[in-house]
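At the far end of the sequence shown sits residue 208, using my numbering, and the numbering has no gaps.
A virtual CB, placed ideally from N, CA and C, is assigned to each residue, including glycine.
Structure first, commentary second.
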Amino acid sequence: MVGDVFHRDCPARMVLDHVTSRWGVLILTALRDGDLRFSELREKIEGISEKMLSQTLRMLLRDGLVSRAVEPSTPPKVTYGLTTLGKGITEPLEGLSGWIRDHAPDILAAQASYDATGP
């Protein structure tokens, strides 16, 4: 069944995995303000390897969330941007990222408390 992400065979679960992966969230959020070249994305998203950036971009392209434009030049200029579908997911992702950013001190305090006392 397509709409039940709790079912293991639901195709929506695969898309959920792609969108909410660490690199998926960061790439989609990075493209929210406009198109970027591969190198610009890599600079903006600290810690991502070329391999992971390339793999995640391919996955998001396949899902129809990201577009790829190639300008014929030497070397070719390739830019990535959000499709209409991709633009629709960035607002909820920005909300999630904002919530995490706002609550990071509380989460770090909870982790420190847990680590000090155990379960």
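Between the Cα of residue i and those of the options, spot the shortest distance and give me the residue it belongs to.
| i | options | result |
| --- | --- | --- |
| D152 | R121, T173, D204 and S128 | T173 |
| I137 | M148, G113, R157 and L154 | G113 |
| E129 | V167, L197, H192 and D191 | V167 |
| T179 | I116, D106 and C99 | I116 |
| E139 | F127, G123 and L149 | F127 |
| E109 | D191, L171 and S186 | A quick correction: the sequence has Thr, not Glu, at residue 109. Looking at the Cα atoms, S186 is the closest of the given residues. |
| D124 | P194, R147, A101 and S156 | S156 |
With respect to the beta strand (DSSP E) encompassing residue i, which residues constitute its N-terminal and C-terminal limits?
| i | result |
| --- | --- |
| R157 | V155 to E160 |
| L120 | Where L120 is concerned, there is no enclosing beta strand (DSSP E), given that its DSSP letter is neither H nor E. |
My output table needs one value for residue i: the three-state DSSP class, helix, strand or coil.
| i | result |
| --- | --- |
| T206 | helix |
| R102 | helix |
| A201 | helix |
| W188 | helix |
| E132 | helix |
| T163 | coil |
Per DSSP, which residues does residue i bridge with? Please list them.
| i | result |
| --- | --- |
| R126 | T168 |
If you follow the alpha helix (DSSP H) that residue i is in, where does it begin and where does it stop?
| i | result |
| --- | --- |
| R97 | Where R97 is concerned, there is no enclosing alpha helix (DSSP H), given that its DSSP letter is neither H nor E. |
| T145 | E139 to R151 |
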